[in-house]
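Below is one structure, written out as structure tokens; comments come after it.
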Amino acid sequence: MWTRTADLWLAAGRAARDGRKRLVALLGLLATLPVLLLGSLVSQALGGGGASFLDGLGRPLAYVLTPLRRAWETDQDVALLGYLAWQGLLLTLLWAWFGGLLHRLAAVSLTRAEREPGRAVVAFARRHWRALAGARVALWTGFALPLVAVGLLAMLGRLPGPLGGVLLAVAVAAAGALALLGVVLGSVGGAAGFLTGPAIAVEASDTFDALSRTFTYGSAGLARLAGWRLLFFLGVALGSGWRLLRAALAVSLGLLAVLLGAGEGALDGARAILGAGGVPEDAARLGLTFTDYLLAGVMALVLLGFLLLWLADLVSRVACARCAVYLLLREAVDRVPVRELRAAAQPARALGPEAAGFEEVARLG
């Protein structure tokens, strides 16, 4: 077992360096911000106005956080939780697609010597992204639904007269059991919920089978699960940390080379623009020109590019580590070999007479 664990630990690191996985992760990261902006736009439109969407293009993070800040300042707890749930649902649907691609690529890399064709991977993700999204929504619902039920019962306690008091007592009596149920489901989901993606990628599972495997493997040995997860997290941290250090060193040396060539104050205006996140308040005093804004835009794009490439590598490593942990747990619990992967179902093709086993017989005249 220790030999297979070490082999998978090293194989997960090698598999994460695959360009296809990094490309899928990069596309998912690039799609995340537009989805968050869309979610904020819909929320603010339903809430009766707010910041302009054009402002969001200039300050996207502030635009995404506007509904949260407004709900927090006005003590609208339900609106705050509703906005978080809404954005979480959108991200779940988005990453059910990209996560399905990533986990399938990782599963094939760790179980097979050959690469699965890109079309087959896309077809697999298209068939199973609903299962992955459904499994994740079910995990969150299992945690939140008992607590919502307690809240609804407690709201009935606001009814006037003795009826309200009786219903409030019922809510208090049910609160303990329902809260315990939510904690149990939430703890299992928090500890083993990451297994739903690998389960679907390896087994071509549906939502029910993915959840069943998650709870089975999670309850079969929590210490073993935590140990393997920590071990592979260490591998992710080492590989990703090295790449982050290398990116930071490249940015620092590149900036130093530019300053040595162009002069000490050549980038002062661009730095002021980046520090202000736009036009500085003292732009007139600084004497900023079009060149300063151009330099600031180029610097921002370079920094964003390095950050996105590092994040794509991190996401790829996390997907490979999750699949490796799932394969080890499946072998330990179900005695299924690590190298066994359930292939995606291939569409039936029409067979010719010879392929079907018939021989042409000359017609008797």
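When the letters of the sequence shown are read in order and numbered with my numbering, they come out as residues 841 to 1205.
Cβ coordinates follow ideal geometry from the N, Cα and C atoms, glycine included.
Following the DSSP letters along the chain, one finds residue 978 inside the alpha helix (DSSP H) bounded by residues 958–996. Unbroken alpha helix (DSSP H) runs of no fewer than 4 residues, entirely contained in the stretch 1004–1076, are found at 1036–1043, 1047–1060, following chain order. Contact between the stretch 994–1010 and the stretch 1058–1078 is absent: fewer than three C-beta pairs spanning the two stretches fall below 8 Å. Residue range 917–951 is occupied by the alpha helix (DSSP H) that includes residue 946.
Under the three-pair Cβ rule at 8 Å, the stretch 1082–1092 does not count as touching the stretch 1168–1184.
Per the coordinates, the alpha-carbon of residue 1105 lies some 16 Å from the alpha-carbon of residue 1134.
In the three-state reduction of the DSSP assignment, residue 858 falls in the coil class.
Shown here, residue 1106 sits in coil according to DSSP, grouped into three states, outside any helix or strand. In this structure, the straight-line span from the alpha carbon of residue 906 to that of residue 878 is close to 13 Å. Beyond the five residues adjoining it in sequence on each side, residue 871 comes within less than 8 Å, by CB distance, of 934, 938 in the same chain, given in chain order.
At a cut-off of 3 residues, not a single continuous stretch assigned as beta strand (DSSP E) sits fully inside the stretch 1130–1160. Pairing residue 869 with residue 1141 gives a Cβ-Cβ distance that is not under 9 Å. Taking the Cα positions, residue 1050 is about 12 Å away from residue 1029.
Contact check for residue 1164 against residue 1061 fails: the beta carbons are separated by 9 Å or more.
Cβ neighbours of residue 998 within its own chain (closer than 7 Å, five residues either side excluded): 1004. Ranked by Cα distance from residue 1040, the first of 957, 943, 1121, 990 is 943. Each of 845, 847, 855, 842 was checked against the Cα of residue 1079, and the nearest Cα belongs to 855.
With 16 or more other CB atoms across the displayed protein chains lying within 10 angstroms of its CB, residue 1072 is buried.
Straight-line measurement puts the Cα of residue 941 at about 7 Å from the Cα of residue 962. With respect to residue 973, residue 936 sits close: the two C-beta atoms are nearer than 9 Å. Less than 9 Å divides the Cβ of residue 926 from the Cβ of residue 882. Our two residues, residue 1045 and residue 929, have alpha carbons roughly 21 Å apart in a direct line. With respect to the 9 Å criterion, residue 1157 and residue 852 are classified as neighbours on the basis of their beta carbons. Here residue 913 is exposed, its C-beta having fewer than 16 other C-beta atoms within 10 Å. If you draw a straight line from the Cα of residue 1058 to the Cα of residue 1169, it is about 9 Å long. For residue 884, the closest C-alpha among the options 910, 859, 866 is that of 910. Spanning the alpha carbons of residue 978 and residue 1034 requires a straight line of approximately 13 Å. With a cutoff of 9 Å on beta-carbon distance, residue 1109 and residue 1129 are scored as near each other.
Counted as a single uninterrupted DSSP element, the stretch harbouring residue 914 is not any alpha helix (DSSP H), since DSSP gives it neither H nor E.
A direct Cα-to-Cα measurement between residue 958 and residue 866 gives close to 16 Å.
If you draw a straight line from the Cα of residue 1143 to the Cα of residue 1055, it comes to about 41 Å. Burial state of residue 1162 is buried, judged by a 10 Å Cβ sphere holding 16 or more other Cβ atoms.
If the five residues before and after residue 1036 are omitted, its C-beta is found closer than 6 Å to the C-beta atoms of 975, 1050, 1054, all from its own chain and listed in chain order. Judged by DSSP in its simplified three-state form, residue 999 adopts coil rather than helix or strand. For the pair residue 1167 and residue 931, the CB atoms are not nearer than the 9 Å cut-off.
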